[in-house]
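Q: After the structure tokens below, expect a handful of questions from me.
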Ligand SMILES: [Zn+2]
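Residue numbers (this note's numbering): 1 to 257.
Here you go:
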């Protein structure tokens, strides 16, 4: 195993675990006192950022505090990784960045890790995303918007559970479209196109892609639970002129700003 190999050769080059708390409260008896750290004999090797395209590992000795009252050995989690995983937070973020424009299998193959590990990293990172209400988050992996060109993988975090599903536009009656049909021109052409779509005059793949992405936004906003319910709402807001009004307001506000 590669990590084993690194372990044998690099034990002299240990990373120092810094940023540990000054005091420790014993999990067993509740006694709180200034921390005194002892190091375990075991050396841990965890995957860190790739350097110049090569895998790198962080090697460290886990440390613990021994309670002076009851003798309980309390392990201290290294601040650069989460519990029970063999990679750093930096590595997790690196994996997420690599997923942009790629998929789990490709990223796994490039990094020499399993696709399950990639999926777990995404899952843990999603759970950490504290700015967004964790009860209702949808993130797309692989593409930054829902596409008509094929299935889109959607990772959904709802009520603390993660589900990975594939969204197939044809299930909702949307015909597939080629890049040519969706492709657009310069800023002025695009602006006219957006107005045309939001006015409800456009029918076809360009409108469909706007509807699908608006439906995703409606679900994320928590208005409804699934695409089945969200799509009619998105269509209605276009046909009713609400979407166009939103655009007008947006233009007004941005011009003032
Ligand atoms: Zn104790």
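Every residue gets a Cβ at the ideal spot worked out from N, C-alpha and C, and that includes glycine. On a predicted model such as this, the values are computed, not experimentally measured, just so you know.
Between the Cα of residue 302 and those of 211, 224, 225, spot the shortest distance and give me the residue it belongs to.
A: Residue 302 falls outside the range modelled here, since the chain spans only 1 to 257, and no answer is possible.
Q: Listed in chain order, which residues are found with a beta carbon closer than 6 Å to a heavy atom of ligand 1?
A: Going along the chain, the residues that qualify are 26, 28, 29, 31, 67, 69, 70, 72.
Q: Could you check the C-alpha separation between residue 127 and residue 84 for me, to the nearest Å?
A: Rounded to whole angstroms, residue 127 to residue 84 spans 16 Å at the Cα level.
Q: Taking the alpha carbon of residue 203 as the point to measure from, which residue in 239, 79, 225 has its own alpha carbon closest?
A: The shortest C-alpha separation from residue 203 is found at 239.
Q: Give the single residue among 57, 90, 123 whose Cα lies nearest to the Cα of residue 43.
A: That would be 57, whose Cα lies nearest to the Cα of residue 43.
Q: Can you pull the DSSP bridge partners for residue 59?
A: Paired residue(s): 45.
Q: Using CA coordinates, which residue listed in 78, 99, 41, 32 is at the minimum distance from residue 68?
A: Considering only alpha carbons, the answer is 32.
Q: Which ranges does the alpha helix (DSSP H) cover as unbroken runs of at least 4 residues, wholly within the region 198-250, from first to last along the chain?
A: If we require 4 residues or more, the alpha helix (DSSP H) runs fully inside the region 198-250 come out as 205-220, 227-239.
Q: Taking the alpha helix (DSSP H) that residue 110 falls in, what are its first and last residues?
A: Where residue 110 is concerned, the enclosing alpha helix (DSSP H) stretches over 104-111.
Q: Residue 246: buried (16+ other C-beta within 10 angstroms of its C-beta) or exposed?
A: So residue 246 counts as exposed.
Q: Of all the options 103, 174, 223, which has the alpha carbon lying nearest to the alpha carbon of residue 209?
A: Out of 103, 174, 223, 174 has the C-alpha closest to the C-alpha of residue 209.
Q: Among the residues of its own chain, which have a CB less than 7 Å from the CB of residue 39, if the five just before and after it don't count?
A: Hits under 7 Å: 61, 63.
Q: Do you know offhand how far residue 80's Cα is from residue 227's?
A: Near 38 Å, if we compare the C-alpha coordinates of residue 227 and residue 80.
Q: Have a look at 65, 97, 50 and flag the residue whose alpha-carbon is nearest the alpha-carbon of residue 34.
A: That would be 65, whose Cα lies nearest to the Cα of residue 34.
Q: For residue 37, list the residues DSSP reports as bridge partners.
A: Residue 37 pairs with 65.
Q: Counting C-beta neighbours from all protein chains within 10 Å, is the total for residue 206 16 or more, i.e. buried, or is it exposed?
A: Residue 206 should be labelled buried.
Q: If you reduce the DSSP assignment to three classes, tell me which class residue 73 lands in.
A: Three-state result, residue 73: strand.
Q: Going by alpha carbons, who is nearest to residue 23 out of 74, 54, 47, 55?
A: The candidate whose alpha carbon is nearest that of residue 23 is 74.
Q: For residue 23, list the residues DSSP reports as bridge partners.
A: Bridge partners of residue 23: 34.
Q: Between the C-alpha atoms of residue 195 and residue 217, what's the straight-line distance to the nearest angstrom?
A: If you take the alpha carbons of residue 195 and residue 217, they lie about 19 Å apart.
Q: Of all the options 100, 232, 115, which has the alpha carbon lying nearest to the alpha carbon of residue 172?
A: The shortest Cα separation from residue 172 among 100, 232, 115 belongs to 232.
Q: Nearest-angstrom Cα distance between residue 248 and residue 198?
A: One C-alpha to the other measures close to 11 Å.
Q: Measuring straight from C-alpha to C-alpha, what distance separates residue 98 and residue 107?
A: Approximately 7 Å, taken between the alpha carbons.
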